[in-house]
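Peer 1:
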Amino acid sequence: MRLLFIENRYATRVWESVATRLLAAGHEIHWMVQNPVFRPRVGCIHQLPFPRVALQHGAGEGEGPGLLKYPERSVTYYGHSRAHHAPYRRAIELLLRKLQPEVVFGEQTQLHELLAIDIARQMGVPFLCPSATRYPVDRVFFCINDTMQTLGGSGSTMTEEAARELLESIRYRRVTPSYMRAPQMPKLRRAAHRAADKVRMTWGWLRGERFLTPSPWRKMQLDRQHALNVSRWETTARAGLEDSWAGQPWVLYPLQLQPESNIEVWGYPWNDQVEIVRRTADALARCGAYLVVKPNPKCKYEMSPALCELCASHPSVIPMGHGVSMQMLLPHATAVLSVTGTVIMEAACSSKPIAVLGDHDLARVPGVRPIYAPEEIVDVLVEVREGHYPFAHESALIAYLKKLYADSYPGTPFDPVNQPELATEDNLHALSESFLHVLNHLPTLRSGPSARSAGS
């Protein structure tokens, strides 16, 4: 089969190892490369030309038909216009029509990937995104196009005992998804890797990749502003629960990292977390409840000046410090609100009321209450107070975990920079086998597969 992989910086190194095994199995391997610094060393390489447009500033410039509906980080955070979108779209469409791949493997993150998803969908070419599972841990599933629906799966059966044990482990936070684990690399080595990364990204920028990568000085500005935002947040944040309000109803909202496809693609159109916090807090204020906002310990650009100002000034918002753990808050919350966070599964497995914004697979986890506007959180609190909240029966949660296990494969996708310990022969072999197996399901996809939950 003719397979097309899409370069995505360091993840390319992992899929390069997989592609080597697929090539040995007789498949034809092609790569679409946006950043030449991360050019793979196996298969046929197709380098996208850099657009012949000047870098502009202002999100309103360069707009037109065929543009992405999702937030795009070079526009949202790096200050560029959309002038480079159309040239990239033309180059990607030309390549896909020339190659006519039978499947495209890539992530759902950067501009060239999101454009490829859109073009592949129009051509009827399957686009699959290999992703690490949330739960069960240390497995991989393949998302279809820009959705959370999955294709394939090992079909393996998780025993009742193992599923029940996993449910208890999630409930009491005895298990951690692979992408949330602390790096095992020594600090000095991590610092060296970060320095090498800055050199590599700067070298790519100097070679012409100035459209999806910020300039060195723009990156310094972003980092400086981020440090100021975190410092400002901490000046008004609480260090834990307080008796003065702990007896009143309150909703926990864990902030999600941005930029990240988890919320910006899967969670679309609920990408503006400042709006979510403001509208939720306004609604809760009218019924005498509070919104507790918990930052991610690895917070990124979601920690904005607008968010800091809102959480510091709104009388119904209680910001928590970065050092406050989920274990300190989740058991005591009246309810939880999220878009696509891992907390959704954790709350559902803990029989904690959880409201989910949007129409996606995580809104259909057993025990989850889907809502379609932040103001509907008040209805959830009423259901909790009156004892009408639709908690899931334990048997439904166990069945759900079994399905996630069957719809995924052994193998752990990983960040080769921060998780080099996962670059083992066994793990890479397992990942390669998952790719080989999912190819057998392509005829099912072309004939119209039924949706599968990717809440793992």
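Per our numbering, the very first residue in the sequence shown carries number 1486; after that it's consecutive. No residue lacks a Cβ here, since even glycine has one placed at the ideal position from N, Cα and C.
(1) On the three-state DSSP scale, how would you describe Gln1593?
(2) So the alpha helix (DSSP H) Tyr1775 belongs to, where does it begin and stop?
(3) Rounded to whole angstroms, what's the CA-CA distance from Gln1758 to Ser1880? Just pull it up for me.
(4) My output table needs one value for Gln1635: the three-state DSSP class, helix, strand or coil.
(5) In this structure, how does DSSP classify Phe1920 when only helix, strand and coil are distinguished?
(6) Cα-Cα, which of Ser1798, Thr1827, Val1778, Gly1826 is closest to Leu1814?
(7) Identify the continuous alpha helix (DSSP H) that holds Glu1513 and give its terminal residues.
(8) Using CA atoms only, rank isn't needed, just tell me which of Glu1918, Gln1669, Val1824 is closest to Asp1846.
(9) Can you tell me which residues form a DSSP beta bridge with Ile1629?
(10) What residue from Val1684, Gly1826, Leu1673, Cys1784 has the CA that sits closest to Asp1708's CA?
(11) What are the start and end residues of the alpha helix (DSSP H) that includes Cys1796?
(12) Applying the 10 Å Cβ sphere with the 16-neighbour rule, what's the burial state of Thr1635?
(13) Would you call the segment 1759–1776 in contact with the segment 1857–1867, where contact means no fewer than 3 C-beta pairs closer than 8 Å?
(14) Out of Ile1883, Pro1790, Leu1488, point me to the one whose CA is closest to Val1715's CA.
(15) Relative to the C-alpha of Ser1663, which residue among Glu1918, Val1841, Phe1920, Leu1907 is closest?
(16) Quick one: Cα of Ile1943 to Cα of Arg1656, how far?
(17) Work out the CA separation of Lys1704 and Leu1924 for me, nearest whole Å.
(18) To test your reading of the DSSP string, which unbroken alpha helix (DSSP H) runs of 4 or more residues are found completely within the segment 1673–1722?
(19) To the nearest whole angstrom, what separates the beta carbons of Pro1525 and Thr1497, a pair I think is in contact under 8 Å?
(20) Taking Gly1458 as the reference, which of Cys1796, Met1686, Arg1666, Ser1746 has the closest Cα?
(21) Among residues of its own chain, excluding the 5 on either side of Thr1505, which ones have a beta-carbon nearer than 6 Å to its beta-carbon?
(22) Report buried or exposed for Thr1618, applying the criterion of at least 16 other Cβ atoms within 10 angstroms of its Cβ.
(23) Between Ala1722, Leu1726, Tyr1786, which has its C-alpha nearest Leu1742's C-alpha?
(24) Report buried or exposed for Met1633, applying the criterion of at least 16 other Cβ atoms within 10 angstroms of its Cβ.
(25) For Pro1804 versus Trp1735, is the C-beta spacing smaller than 9 Å?
(26) If Tyr1573 and Leu1533 are in contact, beta carbons under 8 Å, what's the gap, nearest whole angstrom?
(27) Starting from Pro1943, follow its DSSP beta bridges and name the residues at the other end.
(28) Which residue comes first and which comes last in the beta strand (DSSP E) that contains Cys1529?
(29) Which word fits Trp1688, buried or exposed, when buried means at least 16 other C-beta atoms lie within 10 angstroms of its C-beta?
(30) Leaving out five residues on either side along the sequence, give the residues of the same chain with a beta carbon under 6 Å from the beta carbon of Glu1456.
(31) Output yes or no for whether 9 Å exceeds the beta carbon distance between Leu1822 and Val1809.
(32) Measure how close the beta-carbons of Val1538 and His1569 come, nearest whole angstrom, since I'm counting them as under 8 Å.
(33) From Leu1916 to Val1802, what does the alpha carbon distance come to, in whole angstroms?
(34) To the nearest whole angstrom, what separates the beta carbons of Pro1668 and Arg1679, a pair I think is in contact under 8 Å?
(35) Quick check: the Cα distance between Leu1889 and Ala1648, rounded to an integer number of angstroms?
(36) Could you tell me whether the segment 1886–1901 touches the segment 1600–1609, where touching means 3 or more Cβ pairs closer than 8 Å?
Peer 2: Inspection of the coordinates gives the following:
(1) If DSSP states are grouped into helix, strand and coil, Gln1593 belongs with coil.
(2) Careful: Tyr1775 lies outside any alpha helix (DSSP H), inside the beta strand (DSSP E) at 1775–1779.
(3) Cα-Cα distance, rounded: 34 Å.
(4) Looking at the sequence itself, residue 1635 is Thr, so the reference to Gln does not match. Reduced to three states, the DSSP call for Thr1635 is strand.
(5) Reduced to three states, the DSSP call for Phe1920 is helix.
(6) Nearest C-alpha to Leu1814: Val1778.
(7) First-last for Glu1513: 1513–1518, but that is the beta strand (DSSP E), not the alpha helix (DSSP H).
(8) The candidate whose alpha carbon is nearest that of Asp1846 is Val1824.
(9) Paired residue(s): Leu1613.
(10) Taking each of Val1684, Gly1826, Leu1673, Cys1784 in turn and checking the Cα distance to Asp1708, the smallest one comes out for Cys1784.
(11) DSSP places Cys1796 inside the alpha helix (DSSP H), whose first and last residues are 1790–1798.
(12) Its Cβ being crowded by 16 or more others within 10 Å, Thr1635 is buried.
(13) The segment 1759–1776 vs the segment 1857–1867: in contact.
(14) It is Pro1790.
(15) The shortest Cα separation from Ser1663 among Glu1918, Val1841, Phe1920, Leu1907 belongs to Leu1907.
(16) The requested residue 1943 is not part of the displayed model; the chain covers only 1486 to 1941.
(17) Between Leu1924 and Lys1704, the C-alpha separation is close to 39 Å.
(18) Taking only runs of at least 4 residues, the alpha helix (DSSP H) segments lying wholly in the segment 1673–1722 are 1701–1721.
(19) Right, their Cβ atoms sit about 6 Å apart.
(20) Coverage of the chain is limited to positions 1486 through 1941, which leaves residue 1458 absent and any answer about it impossible.
(21) Result list for Thr1505: Val1527, in chain order.
(22) The residue in question, Thr1618, is buried, as its Cβ has 16 or more Cβ neighbours within 10 Å.
(23) Relative to the Cα of Leu1742, the nearest Cα in the group Ala1722, Leu1726, Tyr1786 belongs to Tyr1786.
(24) So Met1633 ends up on the buried side.
(25) No. Outside cutoff.
(26) Going by Cβ atoms, the distance from Tyr1573 to Leu1533 rounds to 7 Å, so yes, they are a contact pair.
(27) With the chain covering 1486 to 1941 only, the question about residue 1943 has no answer from this structure.
(28) Run containing Cys1529: 1529–1532, per the beta strand (DSSP E) assignment.
(29) That one is exposed.
(30) Any property of residue 1456 remains undetermined from this structure, which presents the chain solely from 1486 to 1941.
(31) Contact flag unset, no.
(32) That pair is a contact at about 6 Å.
(33) The alpha-carbon of Leu1916 is positioned some 44 Å away from that of Val1802.
(34) Contact doesn't hold; Cβ gap of about 11 Å is too wide.
(35) Cα to Cα, the separation comes out at about 10 Å.
(36) Under the 8 Å Cβ criterion, the segment 1886–1901 does not count as touching the segment 1600–1609, having fewer than three qualifying pairs.
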